[in-house]
Every structure is written in C-alpha cells, then in structure tokens.
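Note sheet for the following structure.
Protein chains: 2
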Amino acid sequence: MTATIKDVAKMAGVSISTVSRVINNSKPVSPEIRQKVLEVINEIGYKPNEVARTLVTKKSFLIGVIVTDLGDTYIAQLVRGIEEVGKMYDYDILLCSTYGDKAAEIKYMQILSRKQAEGIILISDSLNKEIDNQIKDFKMPFVYLNRYFSNEDFPTVTIDSLEATYEMTNYLISLGHENIAYVSSSEEENSLEMIKLEGYKKAISENEGYEEKIYYAKGRNIDDGYEICKDIISSNDEITAIFCSHDELSIGVLSYLHDNNIKVPDQMSVAGYGDIKTASIFRPRLTTIKEPFYDIGAVAIRRIIKEIKKEKVDKDTIILPFQIQKRESCAKIL
Amino acid sequence: MTATIKDVAKMAGVSISTVSRVINNSKPVSPEIRQKVLEVINEIGYKPNEVARTLVTKKSFLIGVIVTDLGDTYIAQLVRGIEEVGKMYDYDILLCSTYGDKAAEIKYMQILSRKQAEGIILISDSLNKEIDNQIKDFKMPFVYLNRYFSNEDFPTVTIDSLEATYEMTNYLISLGHENIAYVSSSEEENSLEMIKLEGYKKAISENEGYEEKIYYAKGRNIDDGYEICKDIISSNDEITAIFCSHDELSIGVLSYLHDNNIKVPDQMSVAGYGDIKTASIFRPRLTTIKEPFYDIGAVAIRRIIKEIKKEKVDKDTIILPFQIQKRESCAKIL
DNA sequence: TTGAAAGCGCTACCAT
DNA sequence: ATGGTAGCGCTTTCAA
Numbered sequence: 000m001t002a003t004i005k006d007v008a009k010m011a012g013v014s015i016s017t018v019s020r021v022i023n024n025s026k027p028v029s030p031e032i033r034q035k036v037l038e039v040i041n042e043i044g045y046k047p048n049e050v051a052r053t054l055v056t057k058k059s060f061l062i063g064v065i066v067t068d069l070g071d072t073y074i075a076q077l078v079r080g081i082e083e084v085g086k087m088y089d090y091d092i093l094l095c096s097t098y099g100d101k102a103a104e105i106k107y108m109q110i111l112s113r114k115q116a117e118g119i120i121l122i123s124d125s126l127n128k129e130i131d132n133q134i135k136d137f138k139m140p141f142v143y144l145n146r147y148f149s150n151e152d153f154p155t156v157t158i159d160s161l162e163a164t165y166e167m168t169n170y171l172i173s174l175g176h177e178n179i180a181y182v183s184s185s186e187e188e189n190s191l192e193m194i195k196l197e198g199y200k201k202a203i204s205e206n207e208g209y210e211e212k213i214y215y216a217k218g219r220n221i222d223d224g225y226e227i228c229k230d231i232i233s234s235n236d237e238i239t240a241i242f243c244s245h246d247e248l249s250i251g252v253l254s255y256l257h258d259n260n261i262k263v264p265d266q267m268s269v270a271g272y273g274d275i276k277t278a279s280i281f282r283p284r285l286t287t288i289k290e291p292f293y294d295i296g297a298v299a300i301r302r303i304i305k306e307i308k309k310e311k312v313d314k315d316t317i318i319l320p321f322q323i324q325k326r327e328s329c330a331k332i333l
Numbered sequence: 000m001t002a003t004i005k006d007v008a009k010m011a012g013v014s015i016s017t018v019s020r021v022i023n024n025s026k027p028v029s030p031e032i033r034q035k036v037l038e039v040i041n042e043i044g045y046k047p048n049e050v051a052r053t054l055v056t057k058k059s060f061l062i063g064v065i066v067t068d069l070g071d072t073y074i075a076q077l078v079r080g081i082e083e084v085g086k087m088y089d090y091d092i093l094l095c096s097t098y099g100d101k102a103a104e105i106k107y108m109q110i111l112s113r114k115q116a117e118g119i120i121l122i123s124d125s126l127n128k129e130i131d132n133q134i135k136d137f138k139m140p141f142v143y144l145n146r147y148f149s150n151e152d153f154p155t156v157t158i159d160s161l162e163a164t165y166e167m168t169n170y171l172i173s174l175g176h177e178n179i180a181y182v183s184s185s186e187e188e189n190s191l192e193m194i195k196l197e198g199y200k201k202a203i204s205e206n207e208g209y210e211e212k213i214y215y216a217k218g219r220n221i222d223d224g225y226e227i228c229k230d231i232i233s234s235n236d237e238i239t240a241i242f243c244s245h246d247e248l249s250i251g252v253l254s255y256l257h258d259n260n261i262k263v264p265d266q267m268s269v270a271g272y273g274d275i276k277t278a279s280i281f282r283p284r285l286t287t288i289k290e291p292f293y294d295i296g297a298v299a300i301r302r303i304i305k306e307i308k309k310e311k312v313d314k315d316t317i318i319l320p321f322q323i324q325k326r327e328s329c330a331k332i333l
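Chains A and B, in that order, give the protein sequences. Under numbering that gives the first Met the number 0, the first residue of the first sequence carries the number 0, and numbering increases by one thereafter. Under numbering that gives the first Met the number 0, the first residue of the second sequence carries the number 0, and numbering increases by one thereafter.
Structure representation (structure tokens):
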C-alpha cells in the first residue's frame, strides 16, 4: 500500500494535523518538527492523495475540455492554449472527444460534473439546444467555443468575423482583383457563415462596378473545396481570386488548381479564413485570416479560472483581434 | 449545495446503504424501494460524487497521458486512439503537455500519481533516464511511446522500422530508381534513425551496382528537410529519388522542390516515413510508410486497462503492422 | 432485504 | 505550536 498521512505522522512521532500543516504550509510549525516531518516524507516517498484532498476542500483542480476531434489542427491549437494556461494555475485538463456527437456532449458534461471538474470548456461545431438546460443545472464556470456558429447564450471567445472578411476582401481588391469569388459553406441559421458573407458583400458593395460572386460548397472540408472549385472554374472565367470562408475549403481549391495546372497566384489568387496549420505548410502558402486559436483557448480558460477564484470576469463575449496573413497564394493583378 | 446520497436517502425515507445499492446495483433491493429511490434521484437531479467514490474504491477511472505537443498531428492521432478506447472502458484522459521538457515529464508523472491516475502513457521524443526511477516507485501500469528512440526498458507499442525502410527502398528500386538518396535526422545512440538506416542499407546492398547516398539533416522538422534538399540537389545530379526518415523532412523536401521548380514526381520522387496528416494533404501527396498512430494509441491504452483489470498482458514490446502508402510523390523512372 | 457504522485520506476546527 | 476529532460523500462490512 502507498503511504498515507497517517504513516508519516506515526513515523515522525507527531499528529496528522501537524503533518498536514507542513504539507500545506497552512499554519506555523516549529522548525525542528517541520524538518523531521519533511525527512520522513522524503524517506518513504509520501505523496498526498489529491482525491482525499478534493473531497474535503471541494477543489479538484480539474477543468473539463470537450472537443469534437483533436485531429483538427485548430482544435489542437485551442487545447494547447487551454492546457498551457491551465497549468499556470495548477489546473489539469480532463479531455473528452465527441466526434460531432451531440449526445456525447451532454454525456461528457455529466461525467465531468460527477468527477468534480471545476469548470468546462466545450468546443463544438454545431448547435445543441440541450446544452442550455445542462449547464444551468451544474451552474459551474462554462465557456462555449464554436468556430462555425454564433452564440449569445454562453460566455465565449471569438473574433470579429464580419470585419475579418471585410478586410480580406478589401485586401484582394487592393491587389487589383475585380472579380472575386466568395465560397461559403452554409446558409444555416445562426451560422457564422452569414456574418462572414456580410463582410464580403459590404466590401464589394463599396466598390462601384464590382459584383458579388457567391458560391456555396457542400460542406466545409477539403473535398468540398475541391468540388466547388470545379464549379467556379467552369462557370466563370473572369474570376481572378477565390476567397473561401474556411482554410479547409481553400486547401481543396488549391489542390484542384494544382491538379488542373492552374498556377497560383499567377493565374488565380486564393484566400482563406482560419490559418489552420496546413495553411502555412501547403505550397503555395495560403493567404488567410488568422484566427488566434491558441489565444482563444488561453483566454477561455483564463476566464474560467477567474470565475473559480471568484474574480471579476469580463463580459460574456470576448472579441480577440485577428490578422490578415499575407502569403504567396495571393498576388497583384498585373 | 449539490445533493448528496444523504439527501436522497432522507427524501426517499431509506438508509444511504440502500441508495448506494440502487445506484450501483450491487445488492438486491426491493422493487418498490428501488422505484422510490430512483424517483427521488431523478427529481432532485442527484449525481454521485466520483471523488468520494474513488476515495473508497481506489478506482479513479483516470489515465494520465503525457505528450510532447498536441500540435504534432501524429500525437493528436495517438491521443485519439488512446481516448477512444479509454472511453470504451469508462476511462477518462488526464492530459499533460511537456513541449519537450524532460523535467516536466517527471513532474507530471508525480501529479498524475497524486491525482490517483490508474495508469500512465508517456509520449516522448527524447530519452529520459529519470523516468526509470519514477515509474518504479509508482508501480502503476505504464506504456512508453517514442517515435524517435528505441527502448527496451518499458512496455511499448511500435512497428518494425527496419523492415519498413527496407520495403520502401525496395519499392523505390522496383520503380526503376537507381540513385536513391536517404535522409536521416540523427546519429544519436538508441535513436530509431540507426535502425531505419539499416533497412535502407540492406536494400541497397542487395542490389548490385547500387550505392548508398546518405544525408543527415540537422533535425527532423520541415525546415530541416528544406535545407538538406538544397544540399542534395547541389551535390548530386544523378539522384532521382529522395527517401526521408520522417514525413516532416519529406514535406520540407517537397517544398524546396516546389520552390525551385523541380517537378515531383516527374523529375524527382520523394518518399517519407510516418504518414502524418499533412502527408496526404500536401500536393503532390506523399508516398510514405504509414505508422498506425491511432492503433498504437489504442493498443497502448488497451494494455494499460488490461493491467488495471489484472488481465494477462502481452509481452512488453508490441509490434504493429505498417503499410506502404503509395501516392503521387513517387513514380516510375521512364 | 435493510440499516448502522466503520473507514477511505485528508483538512479544518476546536482545544489545549 | 500541537493534538484530537468531526466530517467531506461514498462503499462495504456486519447485524438484524
């Protein structure tokens, strides 16, 4: 059996209260006794049982993180930010993956709650009504991160999507592009897609003679980008730039262009949204809107920890700055 | 305050023992009482406190996973396998990232142990002598995963690296390549690099007139591949295929070739090792050795759970099959 | 089938 | 400064 505080007390010839005090530095202990206790601890390699501790203090130092799929690089980045900041405050991460299963989101929230997690960050890619009821029951610190849908109901961290697509479109225009195709992935209600689309429309509308050229991909994956690019190329030969609402779509577009021997950026410029890892690895490297995933994760958990510590928290929706990452996939029209 | 078993007992007019019994289905309870208890549980939304449970049962249903960096896609794949199988057995994952810091490996092992994790999977990219002492102390199920170094001291899951590079080299030869460069990343002791190199050498030696053309990159990242490719191209113009010991190196090579207008696979074939996610996204897609990361993770945690359940476990080193993923980056010499 | 009570390992309060 | 002890929420004997 592993040693307990009792064993330490016995061997050091003191009470367990005293041992507890030296472990936690919670109350003064005479130097000699402290010394003695420390020796014993070292000798038998005693390690406090955090579970027992949690039971009495109500502090598990655990934060639950529910994600869709770590395989998505943007999620990995989010989790990095979450974990790294968490560790700064001695919090550990309890990880759960849903792979898009909404029922799993609820299930894991329950489990996390039973395991006494002190807060939950839910990273989702869809909308789930049921979360609402769940989280109200638990009444524990909660942050909801969703790259695809806007949400007013829960604390969240995001960027100004409309401003982002607006700026990117303007950048493309400044490069001399007059026929810019925009690829959206969805017309669903509450989808951030609608907001992003507004940014594009706004920029286009501010330039006389420019026209909206909007395409809808079937989804938001690489394959969907590949497919829609086929449509774009065959439907309109004036287009000189393709701006996709997700990097994944852009990668698909880039692939299609590569496979069909259309040179990027000489014959076609391509821009994306997200700055997922692949965006900077793929050749040509993708010009895109950098969503600060790491920071989003970091800010999200920071907020949770503040709430745990009963510090004052910011308003529910935190807007982080974005950046236009200019790379080789976009060039000036000559 | 959240409801406890006591509250349930009181409201149902039974003892906490009885409530415990219906929760756990551990002993017979009369149908009426069970019914009543269940009703109360539902009504007040009672959820057992797993921490209290753990304290008495000694089962935390927690497995610690220490990784270098989730940002590496191969690690994300490993963790996926680990988590998914873990969940099948009701185990949750406690995640810790070291970012290559060896001291952190030890630190997290301690923390995990204090949190009563029932087993630990350590994913490392370097060798760390100190682990040995640590893990012996804890004497808990442990699996050590290292993609870069071989290890005899701990249970692990891997593939037959020598056979893998041997087969890939033979594949290249079968394609008609007579001058195949091999890029290694290290000559360190115990590095798997040495073993992989042997596979290449073996294949070369079995073909009369073929010569070893070995290059050493500075490291094993994309940049290092980019750099070494520069050397290869400038030093030897007979080479028609470049086989790198890591996909990351191959991606760098592909990038250099792209930037310098050398067509792949027409002018140069490129092969890799790993089949990280990028390998199948990059254009041209990379021909590579598929390390079954997901499966490795899955088998690793399966072994741990077996040990926890005191089932018989396999021998310490589990060898999984690999595959040669044939894609567009390699082609026949005409 | 049910209940009472001990005890898991620890903290925190109350004495001294 | 130190020790005794209640109690955190639960499972698990042991009796009844």
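For glycine and all other residues, C-beta sits at the position ideal for the given N, C-alpha and C.
| Query | Result |
| --- | --- |
| For Val269(B), which of helix, strand or coil comes out of DSSP? | strand |
| Which residues of chain A have a Cβ atom closer than 8 angstroms to the Cβ of Asp294(B), listed in chain order? | Residues of chain A passing the Cβ test: none, with the nearest at roughly 14 angstroms. |
| Can you check whether the CB of Gly118(B) is closer than 9 angstroms to the CB of Ile295(B)? | no |
| Quick one: is Cys95(B) near chain A, going by C-beta distance under 9 angstroms? | yes |
| List the DSSP bridge partners of Ile43(B). | Answer by DSSP bridge pairing: none, since Ile43(B) is not bridged. |
| Taking the beta strand (DSSP E) that Gly63(A) belongs to, which residues open and close that run? | 61-66 |
| Is the Cβ-Cβ distance between His176(B) and Thr97(B) less than 9 angstroms? | no |
| Looking at chain B, is there any beta carbon in it that lies within less than 9 angstroms of the beta carbon of Gly44(A)? | yes |
| Report yes or no: do the segment 260-275 of chain A and the segment 204-216 of chain A share at least 3 C-beta pairs separated by less than 8 angstroms? | no |
| Quick check on Pro140(A): buried or exposed, where buried means 16 or more other Cβ atoms within 10 Å of its Cβ? | buried |
| Can you check whether the C-beta of Gly70(A) is within less than 9 angstroms of a C-beta belonging to chain B? | yes |
| With a 10 Å radius around its C-beta and 16 neighbouring C-beta atoms as the bar for buried, classify Met0(A) as buried or exposed. | exposed |
| Within 9 angstroms (strictly less), CB to CB, does Ser112(A) reach chain B? | yes |
| At a Cβ threshold of 9 angstroms, is Val28(B) touching chain A? | no |
| For the beta strand (DSSP E) containing Asp91(A), name the first residue and the last one. | 91-96 |
| Looking at chain B, is there any beta carbon in it that lies within less than 9 angstroms of the beta carbon of His257(A)? | yes |
| Starting from the C-beta of Lys229(A), find all residues in its chain whose C-beta is less than 8 angstroms away, skip the five residues before and the five after it, and write them out in chain order. | Tyr255 |
| Is the beta carbon of Leu191(A) sitting closer than 9 angstroms to the one on Arg146(A)? | yes |
| Contact between the segment 194-211 of chain A and the segment 314-321 of chain A: three or more CB pairs below 8 angstroms? | no |
| Report yes if the CB atom of Arg284(A) is closer than 9 angstroms to the CB atom of His245(A), and no otherwise. | no |
| Starting from Ala51(B) and walking both ways along the alpha helix (DSSP H), at which residues does that stretch end? | 49-56 |
| Should Leu61(A) be flagged as near chain B, meaning a C-beta pair shorter than 9 angstroms? | yes |
| Below 7 angstroms CB to CB, which residues in the same chain sit around Ile22(B) once its five sequence neighbours on both sides are set aside? | Pro47 |
| I'd like to know whether the C-beta of Ile119(A) is nearer than 9 angstroms to at least one C-beta of chain B. | no |
| If I measure Cβ to Cβ from Ser183(B) and keep anything under 6 angstroms in the same chain, skipping five residues before and after, which residues do I get? | Glu192, Leu196, Tyr215, Ser244 |
| Here's the rule I'm using: 16 or more other beta-carbon atoms within 10 Å means buried, otherwise exposed. How should Thr286(A) be labelled? | buried |
| Do Ala163(A) and Phe321(A) count as a contact pair if the criterion is CB distance below 9 angstroms? | yes |
| Whose Cβ in chain A lies nearer than 9 angstroms to the Cβ of Ile40(B)? | Residues of chain A passing the Cβ test: none, with the nearest at roughly 13 angstroms. |
| I'd like the ranges of any alpha helix (DSSP H) spanning at least 4 consecutive residues and lying wholly in the segment 2-31 of chain B. | 4-11, 15-23 |
| How about Glu49(A): is its C-beta nearer than 9 angstroms to some C-beta of chain B? | yes |
| Taking Ala297(A) and Gly80(A) to be in contact with their CB atoms under 8 angstroms, please state how far apart those CB atoms are, rounded to whole angstroms. | 4 angstroms |
| Could you please tell me which residues of the segment 214-226 of chain B, in chain order, have their CB closer than 8 angstroms to any CB of chain A? | Ile221 |
| Determine the extent of the beta strand (DSSP E) in which Leu191(B) is found, giving its start and end residues. | Note, Leu191(B): premise wrong, no beta strand (DSSP E); alpha helix (DSSP H) at 191-204. |
| Can you name the residues of chain A whose CB is closer than 7 angstroms to the CB of Tyr82(B)? | Note on residue identity: the sequence assigns Glu, not Tyr, to residue 82(B). What Glu82(B) touches in chain A: Leu94, Ser96. |
| Could you tell me if Ile332(A) is buried or exposed, where buried requires 16 or more neighbouring beta carbons within 10 angstroms of its beta carbon? | exposed |
| So, do the segment 109-128 of chain A and the segment 261-271 of chain A have three or more beta carbon pairs nearer to each other than 8 angstroms? | no |
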